[in-house]
Amino acid sequence: MVAETLRDRRKRELRRQLSDTATRMFLERGFDAVRVADVARACGVTEKTVFNHFGSKEALLADRWDTQLDALRARLADAAPLDAALEVLGEELDFLVASARRHGWDEVRRFGELVRSTPALVAHHREARDRLTEAVAEHLAARTGVPEADPVPHITAAAVAGLWTVFALSLQRHQAKGATRMAREVRADLARAADALRRGL
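Numbering of the sequence shown is given in the UniProt record's numbering, commencing with residue 1 and proceeding in unit increments.
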């Protein structure tokens, strides 16, 4: 494993500062009421610097999608798509539980409510799920040697990416139960959904 350089560590720390600051401001004022320039000023950097780290205002809040997509691509090299997806979602669930312990479960719930109630963030999440679907379809087409336009990799990828929808709905359904019990229920829902896909696929 390559050791992290000082420059890389500073970039990672700044990225986290920008995301944490933006999240706090969005939760306090609402997503539409906060400009990227406001986040930049609060962090003592330029607006251009923010966009060097995040491709859009939405990505400041929903920055976990790139992490999940990178993790999924890495796992697809060695694991079946369903197993790869379950591993990535399991790690995302662990991240949410850790965040709840760090910031309080109420803040995590407010975060989810902000995403669901903001059209731009809903659209951002849909676009991110589309990218996940495309990544799985490309992998399956390459692995099986079929053309990229073949319908089988695409319908299979859409089914696998559907686990992210199950994940989001399960989080919402069980969020009142507290982080530990919620995590157990979400894992159970994901396992049931994956079993259904294994039988169908």
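Built from N, CA and C at the ideal position, the CB exists for glycine as well. For clarity, every value in this text was computed on a predicted model and none was experimentally measured.
Asked	Found
Residue 53 beta carbon less than 8 Å from that of residue 10	no
Sufficient close CB pairs (3 or more, under 8 Å) joining the segment 180-188 to the segment 140-153	no
Cβ-Cβ distance between residue 163 and residue 193 below 8 Å	yes
The segment 73-80 / the segment 36-46 touching (three or more Cβ pairs under 8 Å)	no
Beta-carbon proximity list for residue 99, same chain, < 7 Å, skipping 5 on both sides	108
Closest by C-alpha distance to residue 160, when choosing among 81, 3, 55	81
Cβ shell of residue 167 (< 7 Å), same chain only, five flanking positions each side left out	89, 186, 190
Range covered by the alpha helix (DSSP H) that runs through residue 88	81-103
Span separating the alpha-carbon of residue 130 from that of residue 3	33 Å
Close Cβ partners of residue 85 (< 6 Å) along its chain, the five nearest in sequence each way excluded	160, 163
Every unbroken alpha helix (DSSP H) inside the UniProt domain "HTH tetR-type" (12-72) [4 residues or more]	36-43, 47-53, 57-61
Pairwise C-alpha distance: residue 51 and residue 26	17 Å
Same chain, Cβ closer than 8 Å to residue 63, neighbours up to 5 away in sequence not counted	15, 19, 54
Among 115, 133, 143, nearest to residue 204 - alpha-carbon criterion	Any answer about residue 204 is impossible in this case: the structure gives the chain only from 1 up to 201.
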